[in-house]
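Beneath this line is the structure, given in structure tokens, with notes to follow.
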Amino acid sequence: MKSAEEQIKALIGDKAKAMIVASSRIAGLKYYQLLKAKIAEKHQVYPDQYNYKVLYAFSDFTHRETNEEIREHQLNGLNNNELIEERFKQDDYRIMIVASKFQTGFNEPLLVGMFLDKPVMDKTAVQTLSRLNRCCDGKTKVIVIDFTNNTANILKAFNKYRKGTPYEATVPDEQKVILLYQGIIERGLFTDSDASHFEKLLKLGQDAVLQTEVNRCRQRFLFQYEGLTERKAYVYELAKLVKAYNFLSSFYQYDEAIERFVLFAEFIQPQLIKEGSESELMRAIGKVKLIKASVTYKGVSENRAGEIKEPRTGGGGNRTPQPVVKTSIQATIDEIKEKYPISDAEALIIREVCEEKQADQTILLSIQRNINRMHYLNEVYKPEIRKSIELAYIQRGHNDELYKDEYVDDGAIFDMMAHTVLSYGLAQA
Numbered sequence: 004m005k006s007a008e009e010q011i012k013a014l015i016g017d018k019a020k021a022m023i024v025a026s027s028r029i030a031g032l033k034y035y036q037l038l039k040a041k042i043a044e045k046h047q048v049y050p051d052q053y054n055y056k057v058l059y060a061f062s063d064f065t066h067r068e069t070n071e072e073i074r075e076h077q078l079n080g081l082n083n084n085e086l087i088e089e090r091f092k093q094d095d096y097r098i099m100i101v102a103s104k105f106q107t108g109f110n111e112p113l114l115v116g117m118f119l120d121k122p123v124m125d126k127t128a129v130q131t132l133s134r135l136n137r138c139c140d141g142k143t144k145v146i147v148i149d150f151t152n153n154t155a156n157i158l159k160a161f162n163k164y165r166k167g168t169p170y171e172a173t174v175p176d177e178q179k180v181i182l183l184y185q186g187i188i189e190r191g192l193f194t195d196s197d198a199s200h201f202e203k204l205l206k207l208g209q210d211a212v213l214q215t216e217v218n219r220c221r222q223r224f225l226f227q228y229e230g231l232t233e234r235k236a237y238v239y240e241l242a243k244l245v246k247a248y249n250f251l252s253s254f255y256q257y258d259e260a261i262e263r264f265v266l267f268a269e270f271i272q273p274q275l276i277k278e279g280s281e282s283e284l285m286r287a288i289g290k291v292k293l294i295k296a297s298v299t300y301k302g303v304s305e306n307r308a309g310e311i312k313e314p315r316t317g318g319g320g321n322r323t324p325q326p327v328v329k330t331s332i333q334a335t336i337d338e339i340k341e342k343y344p345i346s347d348a349e350a351l352i353i354r355e356v357c358e359e360k361q362a363d364q365t366i367l368l369s370i371q372r373n374i375n376r377m378h379y380l381n382e383v384y385k386p387e388i389r390k391s392i393e394l395a396y397i398q399r400g401h402n403d404e405l406y407k408d409e410y411v412d413d414g415a416i417f418d419m420m421a422h423t424v425l426s427y428g429l430a431q432a
């Protein structure tokens with residue numbers, strides 16, 4: 004109940020629904036009776052929080068212990084000819100219990116959570132979990148809490164029936180977060196004590212005190228790492244830890260010390276290098292001196308009297324766009340191979356994802372609409388293309404690449420792929 008409340012109910016703007024898959028109709032009946040009693044009990048104390056109802060979908064049966072006729076319409080208080088799936092669409096019904104009913108054909112876009120208390124294998128596993136795959140606005144994730152099955156068997160079932168890629172989904176690596184955390188702690192700059200102290204200050208809710216602590220941490224950081232490269236490397240490690248935890252904590256439960264440190268890292272990381280409006284990088288750029296330049300002579304141009312033009316104002320929508328250097332997928336792969344030791348399998352998925360994005364009409368249309376806004380396409384839209392590429396890797400079960408420097412660093416593989424997709428879109432526009 005607590006898990007359903009905290010992890011599921013708040014999703015999709017507090018409209019999310021959950022399903023409990025019981026091992027039998029009798030087990031489902033017990034779940035129904037227990038949940039109804041618990042919700043009613045908690046509603047007396049927390050009326051605003053526990054203001055939802057539960058349904059139990061099943062085929063009518065005779066209880067083998069009591070010989071009582073258990074009927075779906077009667078138990079759920081349905082009207083004559085009313086379908087239980089239609090009742091479930093009402094806002095105040097948030098949980099549906101099933102055993103074998105709605106194995107296929109169930110369509111409820113607001114369903115984002117599932118509690119599995121039943122062994123499922125092969126095709127049945129795919130059908131059961133696929134009840135969650137209906138899309139709707141605001142639905143960005145689903146949550147499955149499995150009491151019976153193991154991850155390997157579920158992935159095996161999906162790999163058997165999935166199409167469109169030669170790669171098998173793999174189990175996310177629980178150790179990634181732990182290893183990143185241990186590596187940062189071993190550096191000795193920030194420790195669990197810092198994270199615990201920061202958590203206490205955060206609970207006080209006093210911004211001035213909190214900012215004083217941030218500044219103290221930043222001074223320690225600047226003292227320990229004098230070079231910009233060292234500083235960026237440390238901040239990047241913090242960012243990787245936060246990103247890995249945000250993803251993997253959906254699959255695994257980590258020690259409280261790690262959770263505290265991730266909270267600390269997420270807050271402190273963006274503020275270590277940047278101070279005020281001038282970043283360390285901008286100060287470094289300010290120290291750059293021009294030693295040598297190559298200039299091609301183009302002749303002399305004079306401004307005649309009366310021909311001096313006022314600076315342009317507005318967006319400059321009719322500007323001639325500065326072209327992005329064109330590149331093919333194969334050229335990109337060749338360039339990647341020169342920079343990074345990728346395998347043939349990695350090259351294959353790079354090609355596959357690039358081709359998928361080059362065929363994405365949404366991406367192509369966005370590029371076409373902004374053909375005269377090259378700054379926007381390069382600085383704003385290309386990062387969006389990169390995000391869609393990262394999502395494509397997740398959908399293929401290739402989560403490891405999202406934590407490899409050769410993929411996620413600025414200018415690395417994901418950026419090169421995004422550039423390839425953008426240049427293709429410009430060529431088609």
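In the working numbering, the protein residues as written are 4 to 432. Positions of the beta carbon are idealized from the N, C-alpha and C atoms, including for glycine.
* Since Y119 sits in a beta bridge, which residues does DSSP pair it with? -> The amino acid occupying residue 119 in the given sequence is Leu; Tyr does not appear at that position. The partner list for L119 (beta bridge, DSSP) reads V24, D149.
* Asked: Using DSSP with H/G/I as helix, E/B as strand and the rest coil, what is E85?
  -> coil
* Decide yes or no for the touch test of the region 420 to 430 against the region 386 to 394: beta carbon pairs closer than 8 Å, at least 3 of them. => yes
* **Whether F61 touches E75 by CB criterion (8 Å)** => yes
* Beta-carbon separation of Q431 and L367 under 8 Å? -> yes
* Report all residues from its chain with a CB closer than 7 Å to the CB of V265; omit the five preceding and five following residues, and keep chain order. => L244, V245, Y248
* Nonlocal neighbours in the same chain, by C-beta distance under 8 Å from V212, ignoring five residues either side -> L204
* Among residues of its own chain, excluding the 5 on either side of V298, which ones have a beta-carbon nearer than 8 Å to its beta-carbon? -> Confidence at V298 is low in this model, with a pLDDT of 47, below 50, so its placement is unreliable and no value can be given for it.
* Asked: What residues in its chain sit with their C-beta under 8 Å from that of F109, if we drop five residues either side in the sequence?
  -> E88, R134
* State the start and end residues of the unbroken beta strand (DSSP E) segment that holds M99. => 96 to 101
* **Opposing strand residues paired with T232 [DSSP bridges]** => Bridge partners of T232: none, in fact.
* To do: Assess, as a yes-or-no matter, whether the region 154 to 164 is touched by the region 218 to 225 under the definition of 3 or more beta carbon pairs within less than 8 Å.
  => no
* Length of the line joining the Cα atoms of K104 and T151 -> 19 Å
* Quick one: what's got a C-beta closer than 6 Å to E216's C-beta in the same chain, skipping five residues either side? -> L204
* Contact check, D95 vs K56, beta carbons under 8 Å -> yes
* Asked: Alpha carbon to alpha carbon, what distance is there between E240 and I23?
  -> 39 Å
* Asked: Which word fits Y433, buried or exposed, when buried means at least 16 other C-beta atoms lie within 10 angstroms of its C-beta?
  -> Any answer about residue 433 is impossible in this case: the structure gives the chain only from 4 up to 432.
* **Assigned exposure category for A19 - 16 Cβ within 10 Å defines buried** => buried
* Where do the ends of the alpha helix (DSSP H) carrying L192 lie? -> It is not in any alpha helix (DSSP H) - L192 carries neither H nor E in the DSSP assignment.
* Would you kindly work out how many angstroms separate the C-alpha atoms of D149 and I11, rounded to a whole number? => 15 Å
* **Helix, strand or coil at V411 [DSSP, three-state]** => helix
* To do: Give the single residue among Y410, K33, E341, A236 whose Cα lies nearest to the Cα of R190.
  => A236
* Asked: If you pair each beta-carbon of the region 251 to 267 with each one of the region 175 to 189, do three or more pairs fall below 8 Å?
  -> yes
* **Spatial distance of E111 from E85 (CA atoms)** => 16 Å
* **Pick from Y410, Q398, V383, P273 that is closest to I345, judged by C-alpha positions** => Y410
* To do: Could you check what DSSP says for Y59 in three-state terms: helix, strand or coil?
  => strand
* **Integer-rounded CB distance, given that E404 should sit under 8 Å from Y396** => 5 Å
* Asked: From which residue to which residue does the alpha helix (DSSP H) around Y396 run?
  -> 385 to 398
* According to the Cβ coordinates, are C1 and D197 closer than 8 Å? -> The requested residue 1 does not occur in the structure, where the chain is confined to residues 4 to 432.
* Could you give the distance in angstroms between the alpha-carbon of K142 and the alpha-carbon of S253? -> 15 Å
* **Sequence-distant residues of the same chain with beta carbon closer than 6 Å to C139, five excluded per side** => P112
* **Residue closest to T154, alpha-carbon to alpha-carbon, out of P50, G400, D418** => G400
* Could you tell me if K360 is buried or exposed, where buried requires 16 or more neighbouring beta carbons within 10 angstroms of its beta carbon? => buried
* Whole angstroms is fine: what's the gap from V115's alpha carbon to A348's? => 33 Å
* Reduced DSSP category for E72 - H, G, I as helix; E, B as strand; rest coil -> strand
* Secondary structure of L113, DSSP reduced to three states -> coil
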